[in-house]
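Only one structure is covered here, and it is reproduced in the block below.
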Amino acid sequence: MAKTQTLKKIGVIEQFVTGKVTSVNIKGYGMNSAQLLFTILDRKSGNSVAIMATSYPDYEPQLFASVSGFVTAAYFASIEITAGYYQNPKETARVIEVYTA
84 MAKTQTLKKI GVIEQFVTGK VTSVNIKGYG MNSAQLLFTI LDRKSGNSVA
134 IMATSYPDYE PQLFASVSGF VTAAYFASIE ITAGYYQNPK ETARVIEVYT
184 A
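Sequential numbering of the sequence shown, starting at 84, is according to the working numbering.
Shown next, in the form of structure tokens:
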């Protein structure tokens, strides 16, 4: 994983991983909810990093839609991307941003 930076607005540390998307799983749990779980194979360490994006009516559905399309396209094109994420202890990492590597 590359650099980290503090996101003062929300009080978390953003971490970054760059590599190819190795899996994509989109599912829903109940009405008006969806989850995207994807993994990136870190090109530096060789470890897989699992990252989640969620969509609930009150939680950035536009970000979910954008990330879902972007990550799925990167998976099928087999290109490297960089994902910024944060992770609370004992939880799956949550996406903050994605962009081309």
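Backbone N, C-alpha and C fix where the C-beta goes; we use that ideal spot for every residue, glycine too.
| Asked | Found |
| --- | --- |
| Close-in-space but distant-in-sequence residues of the same chain around Val132 (CB under 7 Å, 5 per side omitted) | Val100, Thr122, Ile123, Asp125, Ala176 |
| Those residues which DSSP pairs with Gly167 across a bridge | Phe99, Glu180 |
| CA-to-CA distance, Gln118 to Gly111, given in whole angstroms | 6 Å |
| Spatially closest choice to Ile164 from Thr137, Lys103, Glu143, Pro144, by CA coordinates | Lys103 |
| Residue-level contact to chain B via CB, Ala117, 8 Å cutoff | Absent from the structure is chain B; it holds one protein chain and no more. |
| Ser161 - DSSP class collapsed to helix/strand/coil | coil |
| Buried versus exposed, by CB contacts within 10 Å (16 or more), Tyr182 | exposed |
| Simplified DSSP assignment, three categories, for Thr137 | strand |
| Local conformation of Ser151 per DSSP, three classes | helix |
| Residue of Val107, Ser138, Ile134 minimising C-alpha distance to Gly113 | Ser138 |
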